[in-house]
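For reference, the structure discussed in these notes is given below.
Protein chains in written order, with the working numbering: chain A, 32 to 380; chain B, 248 to 553.
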């Protein structure tokens, strides 16, 4: 069997026909379109500020080499300079006036070498500008933004799991007057888009004294119709006999919920946890309204404020964007199966 | 099941119901109140009742087709922008989602991987999505670099009204099509395999199988996806807000941005006008939701009949 034939063999034994080739071509274009922009962002985030302004941009983080010069604050760009004696040498530029650039040898900083800008070319090297990331630690209150995002995400997710599972437990394991009505009422909130109640919710939050507080973002978010629905459907599959047996042993209702139903609902709780983490981490419009002070910004708000600045420092902005998409990407890489299953079963994102 | 302790279920329901009450149902009621009161005060008691004045201001138009003839021209610009955006975004996105789902439903190697490729952008935050594309579309961006290489002059893609709308639609499709692909794929996989076997037995061509078996059976799913996508599209805000800020001018200002700007960004915060805008948006969304309910009810009835 020829290697080509072997490689193009399909599961049912026939070889690929043109429709298969079309499919793979379509998918490959999709791969390029969907991942390309994200990869470009990541590659760009490792470029130096100078390399980012180059046009056309280089594919990989190539940039002009820069070295420290004694007596100068910032590292200086290095050029391959043709010296008057005909030899070439790699020297950093300290200043440039018109067509004349002044270079200096870091070993002999007192000696200036003046050359015409046509007699030199920049020295380029492959270098990952990891300082875009490491500098963030001290800059722009990055740590505060990160902490705010993490705090909101973690606390809101824990409360979401607790409150929604309690409601789901009541709706799946008790018979009481008004059960169907409550369930429909909760589901009906799915149809209330956040944008519609923007103004009045702002009033509610400010009356509760939660403006510019992380709790003002957390509380409205912790009761979700999706979560109640997802957990209720799962808890319906837990046999009632288990609960009855526990009641025979005089277990309290809370203990039945906490010790029996919750552990058994773990798979559904995991799906909801993943969803909740992504919802809260990515939230934008509501935090934008509640949190107006810089020190309460989440990463998303900081990115938005930062990109609107008159002079955008793209090197830091890109690095911060990469950090912001990192958690979601990790969740996606490891838990894709659960996410897609959750969406297929609940029909909501 | 046990009903002796009648209060127990309510104990478990309380946290959820309180939160829904305070942050969803109460605001709906307040929103109505806001829509019919004026002034710039946030506290409801300080607001004078103005009846339908807010709604009248928004709806005061020489001709609804011409925003310039309207009292609140920015609102009608936003309405028409949203309509144009939704029309193109929804139709093109659902078309591509359908094609992608059909391809993913074939016997292909690594289906899980390919499905993930299209789904990944769905998980990204709107701010991140907007920044990724802003970086690509900027003057010295990679798109212009490719363009210059093939002879297209350097363009400020987001500074020309037509192009800005195009890219806003493009980016929105990029970010959301994976979700609808997933739903359509689930629908395709629910079609019984013996129908395809029967079609093969009858020597139906692939095209005939698609148009006579697959698409008719997928139609209910397709309709639900169309309405769901429309409900989302009408509410588009964050990606566009970060990507273009609604500009250039008001070329990509949508209805939710109008509400946000009127209520929260202007010096004079006209909460009543913003709430009236929300009310009109809600009417459009209720209409779409009723349409969806009708479709899914028809679908259920059809399933029972089968």
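All residues carry an ideal CB built from backbone N, CA and C; glycine is no exception.
Sorting B:419, B:518 and B:435 by C-alpha distance to the C-alpha of residue 338 of chain B places B:419 at the top. A Cβ-Cβ contact shorter than 7 Å links residue 341 of chain B with residue 472 of chain B. Between the region 142 to 153 of chain A and the region 262 to 279 of chain A, the count of C-beta pairs closer than 8 Å stays below three; the two stretches do not touch. Straight-line measurement puts the Cα of residue 122 of chain A at about 18 Å from the Cα of residue 158 of chain A.
In this structure, the beta-carbon distance from residue 305 of chain A to residue 369 of chain A falls below 7 Å.
In the same chain as residue 427 of chain B, and ignoring 5 residues on each side of it, the C-beta atoms closer than 7 Å to its own belong to 340, 341, 344, 472 and 476, in chain order. Taking a cut-off of 8 Å on C-beta distances, the region 340 to 347 of chain A touches the region 61 to 81 of chain A, as three or more cross pairs fall below it. Given a length threshold of 4 residues, each whole run of the alpha helix (DSSP H) inside the region 177 to 225 of chain A is given here in chain order: 210 to 219. For the pair residue 95 of chain A and residue 378 of chain B, the Cα-to-Cα distance works out to about 25 Å.
In this structure, residue 131 of chain A sits away from residue 107 of chain A, with a CB-CB distance that is not shorter than 7 Å.
Judged by beta-carbon spacing, residue 363 of chain B lies within the 7 Å limit of residue 367 of chain A, meaning their Cβ atoms are closer than that value. Secondary-structure assignment with DSSP links residue 97 of chain A through a beta bridge to A:108. Cβ neighbours of residue 499 of chain B within its own chain (closer than 7 Å, five residues either side excluded): 328, 411, 412, 415, 487, 491 and 493. By the 16-neighbour rule on beta-carbons within 10 angstroms, residue 449 of chain B is exposed. What residue 338 of chain A touches in chain B, judged by beta-carbon distance under 9 Å, is 374, 377, 378, 381 and 489, going in chain order.
Listed along the chain, the chain A residues whose CB falls inside 8 Å of the CB of residue 485 of chain B are 315 and 316. For residue 335 of chain A, the residues of chain B that pass the 7 Å Cβ criterion are 374 and 489, in the order they occur in the chain. Between the region 227 to 237 of chain A and the region 268 to 287 of chain B, the count of C-beta pairs closer than 8 Å reaches three or more; the two stretches touch.
One thing to note: residue 352 of chain A has its Cβ no nearer than 7 Å to the Cβ of residue 253 of chain A.
For residue 227 of chain A, the closest Cβ of chain B is nearer than 7 Å. Listed along the chain, the chain B residues whose CB falls inside 7 Å of the CB of residue 306 of chain A amount to none; the nearest CB is some 10 Å away.
Using a C-beta cut-off of 8 Å, the region 392 to 409 of chain B makes no contact with the region 505 to 525 of chain B, since fewer than three inter-stretch Cβ pairs fall below that distance.
With a threshold of 16 other beta carbon atoms within 10 Å, residue 284 of chain A meets it and is buried.
Residue environment: residue 49 of chain A is assigned as exposed (fewer than 16 neighbouring CB atoms within 10 Å of its CB, all protein chains considered). The DSSP-derived three-state label of residue 243 of chain A is coil.
Taking all protein chains shown into account, residue 146 of chain A has 16 or more neighbouring C-beta atoms within 10 Å of its C-beta and is therefore buried. Note on residue 310 of chain A: 16 or more other CB atoms within 10 angstroms of its CB, so buried under the neighbour-count rule. A Cβ-Cβ distance of about 7 Å is found for the pair residue 314 of chain A and residue 331 of chain A, placing them in contact under the 8 Å criterion. Judged by DSSP in its simplified three-state form, residue 86 of chain A adopts coil rather than helix or strand.
Per DSSP, the unbroken beta strand (DSSP E) holding residue 146 of chain A starts and ends at 139 to 147. Residue environment analysis places residue 333 of chain B among the buried positions, since at least 16 neighbouring C-beta atoms fall within 10 angstroms of its C-beta. When the beta-carbon positions are compared, residue 371 of chain A and residue 465 of chain B stay at least 7 Å from each other. Minimum Cα-Cα distance from residue 196 of chain A among the listed residues A:105, A:297 and A:70 corresponds to A:297. Residue A:205 holds the alpha-carbon nearest to the alpha-carbon of residue 253 of chain B among A:225, A:144, A:205 and A:194.
Taking 7 Å as the threshold, the shortest C-beta distance from residue 350 of chain B to chain A falls below it.
Counting the other CB atoms within 10 Å of its CB gives residue 281 of chain A a total below 16, which places it among the exposed residues.
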